[in-house]
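Residue 26 is where the sequence shown starts when you use my numbering, and the numbers rise one by one after that. Using N, Cα and C, we set each Cβ at its ideal position, and we do this for glycine too. All remarks here apply to the structure that follows.
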Amino acid sequence: MTRLRPGGAESIDRSRSITFEFNGRTVAAHPGDTIGSALAASGRALLSRSFKYHRPRGLLCVSGKCPNCMMQVDGVPNVRSCVEPVRAGMKVRTQKGWPSLSWDWMAVLQWFDALLPVGFYYRTFTRPRWAWKIAEPVIRRLAGLGRLGAAPETRWEHAHERVEVLVVGGGPAGISAALAAARRGARVTLVDDQDRLGGHLRFYRRIPSHREPAPHGFELARRLADEAGNEPRIRVLSRALAFGAYEGGLVAVEQGTTLIHMRAGKLIVATGSFEYPPSFDGNDLSGILLASGARRLIELYGVEPGRRALLCGTDDDALALALDLADRGLEVAAVADARTAPNQGAWGRALAERGIEHLRAHRVVRALGGTRVRGVELARFTAEGAEVAASRRRLECDLLVLGTQYAPSVELLRQAGLRCRYDDLFHQMVPAESGAAVAGVGRLTGFRNLDIEMLQGEIAGAAAASGGADPKLAELQGRVAELEAEYRRGRERDRPLLLPDSGWQFVCLCEDVKQADVTRAVREGFSHLETLKRYSTISMGPCQGRMCLATASALCAERTGRTLAETGATTARPPVQPVPLGLLAGPEHNPVKLTPMHRKHDEAGAAPMDMGLWKRPARYSSEEEEWRAVRERVGLIDVSTLGKLDLRGRDAGALLDKVYTHQMAGLPPGRVRYGLIANDEGIILGPVAPVVAGRDGSMRARHERHGRFRGRQSGWTARPRRAAQAHRYGPVARGVPLHGLSPGGGRGRGFVAAAHRLRRGDRVGDPLSGLLRRVSVGGAARSGRRVRHPAVRRRRAAHAAAGEEAPDRRAGHRRAVESVRGRPRLVHPDGKAGLHRQTPAAPPARPSDRAEARRVRGGLGASNPGGERRGRRRAARGPGDELPVQPLPQPAGWARVGSCGRGAAGPLDRDRFERRSRLRLRVRRPVLRPRGEKAAGVTMEGFRPYRLSPVDRVFDDLGAHRAETSGWRTALSFASPDQELSGLQAAVGLCDLSHETKAEICGRDLAQVAGSFGLDALPPPGSGARGDGSVAAVYRTAPDELFVLAALDSLSARLAEVADRDGCLHLVDRTSGFAAFLLAGPRAEDVLRLVTSLDLGEPRFRDLSCARGPLARIPALVARRDRSGLRCYEIFISREYGLYAWNAIREAGLPRGLVLFGQAARRRLEA
26 MTRLRPGGAE SIDRSRSITF EFNGRTVAAH PGDTIGSALA ASGRALLSRS
76 FKYHRPRGLL CVSGKCPNCM MQVDGVPNVR SCVEPVRAGM KVRTQKGWPS
126 LSWDWMAVLQ WFDALLPVGF YYRTFTRPRW AWKIAEPVIR RLAGLGRLGA
176 APETRWEHAH ERVEVLVVGG GPAGISAALA AARRGARVTL VDDQDRLGGH
226 LRFYRRIPSH REPAPHGFEL ARRLADEAGN EPRIRVLSRA LAFGAYEGGL
276 VAVEQGTTLI HMRAGKLIVA TGSFEYPPSF DGNDLSGILL ASGARRLIEL
326 YGVEPGRRAL LCGTDDDALA LALDLADRGL EVAAVADART APNQGAWGRA
376 LAERGIEHLR AHRVVRALGG TRVRGVELAR FTAEGAEVAA SRRRLECDLL
426 VLGTQYAPSV ELLRQAGLRC RYDDLFHQMV PAESGAAVAG VGRLTGFRNL
476 DIEMLQGEIA GAAAASGGAD PKLAELQGRV AELEAEYRRG RERDRPLLLP
526 DSGWQFVCLC EDVKQADVTR AVREGFSHLE TLKRYSTISM GPCQGRMCLA
576 TASALCAERT GRTLAETGAT TARPPVQPVP LGLLAGPEHN PVKLTPMHRK
626 HDEAGAAPMD MGLWKRPARY SSEEEEWRAV RERVGLIDVS TLGKLDLRGR
676 DAGALLDKVY THQMAGLPPG RVRYGLIAND EGIILGPVAP VVAGRDGSMR
726 ARHERHGRFR GRQSGWTARP RRAAQAHRYG PVARGVPLHG LSPGGGRGRG
776 FVAAAHRLRR GDRVGDPLSG LLRRVSVGGA ARSGRRVRHP AVRRRRAAHA
826 AAGEEAPDRR AGHRRAVESV RGRPRLVHPD GKAGLHRQTP AAPPARPSDR
876 AEARRVRGGL GASNPGGERR GRRRAARGPG DELPVQPLPQ PAGWARVGSC
926 GRGAAGPLDR DRFERRSRLR LRVRRPVLRP RGEKAAGVTM EGFRPYRLSP
976 VDRVFDDLGA HRAETSGWRT ALSFASPDQE LSGLQAAVGL CDLSHETKAE
1026 ICGRDLAQVA GSFGLDALPP PGSGARGDGS VAAVYRTAPD ELFVLAALDS
1076 LSARLAEVAD RDGCLHLVDR TSGFAAFLLA GPRAEDVLRL VTSLDLGEPR
1126 FRDLSCARGP LARIPALVAR RDRSGLRCYE IFISREYGLY AWNAIREAGL
1176 PRGLVLFGQA ARRRLEA
C-alpha cells in the first residue's frame, strides 16, 4: 500500500516523519497517524491472528470496535492499534503468531475444526478430573489475548464533575444538541471518543441524503466543530469514552488515564450507529474493510487500502463511497447494491458517467483468497431474500468494502433505563421512548439522514435547556416528523442475509464463533439469546457485541422460528467497551490516620501495624524485653486512637446510664469509673471505658463506638481527633515526672481513681491544657494523660530523657475483661456483676447466652516452668481459639475458662490444649503484677512546647526554610518566594494553613454573633463572608453551624465574647484538631476534582462558597476564597488524616505543575 495524494480531510502532517518499532523492524509514520494507518501505509495488511484458529486478520473497522488490530504497545496488552496515535520510538508487537506473524504454526488448528465445536471445553477434559489441570494452561496459551508484561506503572486518576447537560457523541447530532442547549443558557459538556469533533462527517466528501448529494462533508464538520469550540458554555472532552450510565444521572467517562464520574442533570446520547460484517464464507480475510473504515484510511490518513475495490451496500452511502474512491484514484470493479429497486437519481447517473458497474439486488456470498482477499463471489437475490438460480458470478479485487448492515449504539440509553424496540424497516433495535432526563438522537434512531440528525439534536438540546418550555419546540418537532415520514416512504426494508451454514462463516470475530456453531448451540437447547451468549461466548470478547450480536440475534430468531422482536437483545451492562482494570480501581486512596506521636514512633524504630485506619506501633524491640520493662519499671503507650466523648450538661450522667452497664450519674467530680458498653441485647460492644466526672459538671467517656450515643441522645461532641492520649504502666509509673504539668495532689496516695485538670492557660488553643487521671488495670498502677497533641511530642521526648530509670516501652499487658477483642457474642453476666440495675443498656441475659457469659478470662501459669515447650506459641480452648502466650522463662498467658468459676483457680484439661505442649498449666485466680519500687523523680527546667503541623515532617524532608509563628513551626518557603508565586500563578500551588486559628460555633442563635466578626448579617448556608482585618473568613456550613478562620492570635477575644453570650451556643476550638491547606492557581479546580466528588463548577461553587464532602475518601470541608484574581480553595480536614490528604492532593497536582509555597509567598498572594 502507498499514500494517496493529499486531501482536504487529512489529519496527518506530511511535512514531518517519525519512526516506531513493529516486531523489531522500523516503520515510518507521520504525526497524526495511528499505528494501524502507518502499518497499512507501509504495506502490512496482516496485523494479527485470530483467537481460536489463528487465522490471519487485518484492519476492519479502523475505529477501535473490532478485535483485529489489538497489539502489545510498550508492554501494555490489548491496545487497539487502529486508534492509538503513533509516538516516536514506541515499541509495538503482535500478540499472536509463532514463530512469526506470517508463519504461525498454530494455524494448523483450522484442520482440527471438527474436534473443537462450540462449547467443547464444557464436555472435554472432565474425566479424569486431573486432566483439566493439564489442559487448561495449554488452552490458555493457544487462545487468550495479550499478556501482562513489564509495562511502566500507570498513574490512574478519578475525577468528579457535575454538569447541567451532558452530550455524548461529537457528530452532527451531538454538536447540534450542544449548541441548542448552550444558546439557551445551559452549561454543556460534550464528550467524544475521537480526537476531533465532527463524527462521520470528518471523513465524508459527499453527504448522501434522500434528496441530492451534498459535497465536502469534512468542511461541514470543521464548521460545526468551530462553532462548538467558540461557544463559552460548551466544554469539549475529546478522546473520552462514555462507557457506562448508572443511577442518578451518573455517567462514567474514560479520558486517557482518568476516570471522570460525571453527574448530569440532562443526558443526550448521540453515539450514532456502527457497521458490522455480514456472515458469508471467508468474511474474516484481510483486505475486507467496513465502509467507514475504508473512508477513514483514505480521507484521514491518505492510505491506499487496495488497488481494485468492490463495494457492497444497502443505500446511497455505498454509491457515494464508490465515487469518492474513484476520485482518489482507486479502480472500482463494481457496486453490489442489495436493494432490488434503488433510486436512479443523481447517484446512479454519476456512477454511469464514471463507467462503474452498478449490480442491483446483489450480495456477497463468498470471499476468495488465502491470507488476503483475491476475489469475491456474488449472487442475485429476490425481494424475499431467496437466491436466484444460476446468478452467481466472480469478480477479482484486492479490496472488499462492506456497507451493508448497521446497528445503533444504544447501550448507554439502555443502561440509563430507556426501552428499545425492534424497527422492521431499519432491521435495528431503536429507542422506543425518551425519558425526562435522557434522550437519544442522531443515527442511533435508525435515520441515516443529515437533516433529520441535526434537527433531532436541536430539539433535544432545546428541551434539555428549557425543560420542554421552548416555544419553538413544537415547530421543530413538526418539521422533523415530516422528514422522518418522507425518509421511511423512500426506503426499502432492510433484510438480514442468512446464508446456509458452510465454510468459514464467522459470526463473532473476537471468539472465532462460526455460523454453524450458533446453529449447533441452538439445536442443543440454548435457544434463548442470553443462554446462547453464555454458551457460545458470542459478544463476550473485546468488541462487546458490536461486530456479532445483531447477526447472532437474527440467526437465533431464524433457527427458532421467532421474530427478531420476540428474540430481543441481551442485557446492556457497562462497560460499553472494555476499559483497563486499573482505571476502575483508580488511585490508591486508602485513608491512613496518624497519631500526633507517629513521627516519634518512627524515630524510635517501631514496627508499624494497621489497626483499622490507624497506623500504630506493634513493637519497638522484642516482646519479651517490652514485657519485662512494663512489669519491672515503667512503660509508655500511645492510646490517642481511643475515642473520647465530651458530654456537658446536667443530664450527662443520665445519658451515660442509658449506655453503660454501671451507675455513672452519681460519680463525684474529679473521679474515674470503669464500665462496659452493651447493646440492647446485652452483647458487649467494646472494652472497659473510664468515665471522668469534671468539676464543671461535664462527663468525659472513652469509647470507639460513637454510634451508640447517636442512637440515644443528641448534643454531644466527639473529640478523638482533638486530644492526644498516652498511658504509663508499671510499678514505678508514678515516679516518672510530669515535666511542667501541675495537677493538684497527683503524686500521693490520694491520687487513686481520680482525675485532675492540668494547668490551663487563658488563650484559646493553649497547648498545655490537659487532663490527668490515675486508674488501675489488673492490679497495676497506671496513669493516663490526655493532652492537646501539639505538646505531646515534647513530653514524650522528656520521658526519653529519663530513660535510665523510666525506659520508654510499649505496654504489653492484656486486660482481664471480656470485650470484642475476645468473642463477639459475649454478654455480661446475668445479674451477678455488681450492676446497678437493668437498664436499656443492661437487659437480662438470654438463657442461651448464660453459659457463655460465665466464662471469664484467667491467667495461665506453668506448674513445671522447666518443662519442654514445642510448637506454636498458643493456648486454646478449642480449634481456632487462639490467644497469645508470653515467651518468658515463666510461661504466662490468658485463656477464657468456664469450669473454674469466677473466684476459683484450678487446673485446665491438658487435652484441650495443643497436644505437642509439654507444660502443665494452671489457672491463677488473681491476675496481678509484682509490686516494684518507686523511682526517683526527675525535673525539667525551661520546658517550652511548640506546636507542629501534621505535615511538618514533609517540610523537613524538603528542606524548607522554617519559622516560628506564635508557638507553631511553619514553613516560610521551599524555594524563593518569587519562584513559588510565579509557579502557582502559572499552574497551581499548595500551602499549609494548619497553624491558623479555627473554630466551630453551633446553635440556633447564630445571628447574634455576626457583629463579633465584623459582619452585618450571617451568610446563607453553603456560603461565607470575609471578616474584618483580624478574622479572615466566616463560613456557614449548615443553618446552625459556623466555621471561623482567623489569624492565630486574633480570635481569642472574639471567641471569649461569643462564649459569654446568653443563648444556646456551643463553641469548639478546632485549631489543633483540624489540618488546613490552601490550593491556589488557575488549575486548582482541575486538581481538586481528582480527589473530591463535590460540585466545584460555577455558579454552584463560586467565590466564598463552602461545602462538606469526601476528599480522597475522607470527610472534609472545602471552601473557596479567591485571592488576587486566582481561584483559591481552603481545605479543612481532621488532623489525623492530614498527612494522607496532603500527599493525595500533591500526587494529583504534580502532573499538572503543582508547586509547594510557604508563608512568605502566601502573604504576597494575599497582599
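| query | result |
| --- | --- |
| Straight-line Cα distance separating H185 from G962 | With a pLDDT of 36 at G962, under the threshold of 50, the modelled position of that residue is not reliable, and the figure given next carries that caveat. Looking at the two C-alpha atoms, the distance is approximately 58 Å. |
| In DSSP terms, what D306 is bridged to | R391, Q530 |
| Rounded distance between the beta-carbons of M95 and L170, thought under 8 Å | 7 Å |
| Inter-stretch contact at 8 Å, needing at least 3 Cβ pairs: the segment 417-424 / the segment 394-406 | yes |
| Three-pair Cβ contact test at 8 Å for the segment 355-367 versus the segment 75-95 | no |
| C581 (DSSP reduced to helix, strand or coil) | helix |
| Completely contained beta strand (DSSP E) runs for the segment 332-366, where each covers 3 or more residues | 333-338, 356-362 |
| Proximity test, Cβ basis, 8 Å: A1063 and chain B | Given the protein chain composition of this structure (a single chain), no chain B is represented. |
| Assigned exposure category for N255 - 16 Cβ within 10 Å defines buried | exposed |
| Reduced DSSP secondary structure (H/G/I, E/B, other) of L1119 | coil |
| Sheet register partners of F1102 (DSSP bridge) | D1017, I1156 |
| Cut-off 6 Å between Cβ atoms - residues of its own chain near E421, not counting five sequence neighbours on either side | G400 |
| Beta-carbon proximity of Y754 to V604, cut-off 8 Å | no |
| Terminal residues of the alpha helix (DSSP H) in which M479 lies | 475-491 |
| Other residues of its chain near L262: CB distance less than 8 Å, five sequence neighbours each side excluded | T214, L215, V216, D217, V278, Q280, I285 |
| E35 burial status per 10 Å Cβ neighbour count (16 or more: buried) | buried |
| With 16 other Cβ atoms within 10 Å as the buried cut-off, status of N308 | buried |
| Local Cβ density within 10 Å of S125, reported as buried at 16 or more and exposed below that | exposed |
| Presumed contact (8 Å Cβ cut-off) between F47 and A54, rounded CB distance | Actually they are not in contact, since the Cβ atoms of F47 and A54 sit about 10 Å apart, beyond 8 Å. |
| C-alpha distance - C533 paired with S73, whole-angstrom precision | 16 Å |
| Alpha helix (DSSP H) segment containing P162, residue limits | 155-167 |
| Outcome for P257 when other beta-carbon atoms lying within 10 angstroms are tallied against a minimum of 16 | exposed |
| Three-pair Cβ contact test at 8 Å for the segment 499-518 versus the segment 478-485 | yes |
| Cβ contact (3+ pairs, closer than 8 Å) linking the segment 316-330 and the segment 76-87 | yes |
| R3 versus L29 - alpha carbon distance | Any answer about residue 3 is impossible in this case: the structure gives the chain only from 26 up to 1192. |
| Reduced DSSP secondary structure (H/G/I, E/B, other) of W639 | strand |
| Burial state of N615 (16 or more Cβ within 10 Å) | exposed |
| Span separating the alpha-carbon of G144 from that of R321 | 37 Å |
| Distance CB(V192)-CB(A202) smaller than 8 Å | yes |
| Beta carbon of T562 nearer than 8 Å to that of V543 | no |
| Between the CA atoms of T119 and I60 - distance to the nearest angstrom | 12 Å |
| W1167 vs F1102 beta-carbon contact at 8 Å | yes |
| Opposing strand residues paired with R418 [DSSP bridges] | L403 |
| E178 versus L204, G611, T1117, E382, residue with shortest Cα-Cα distance | G611 |
| Cut-off 6 Å between Cβ atoms - residues of its own chain near P302, not counting five sequence neighbours on either side | N308, L427 |
| CA-to-CA distance, A1011 to A250, given in whole angstroms | 28 Å |
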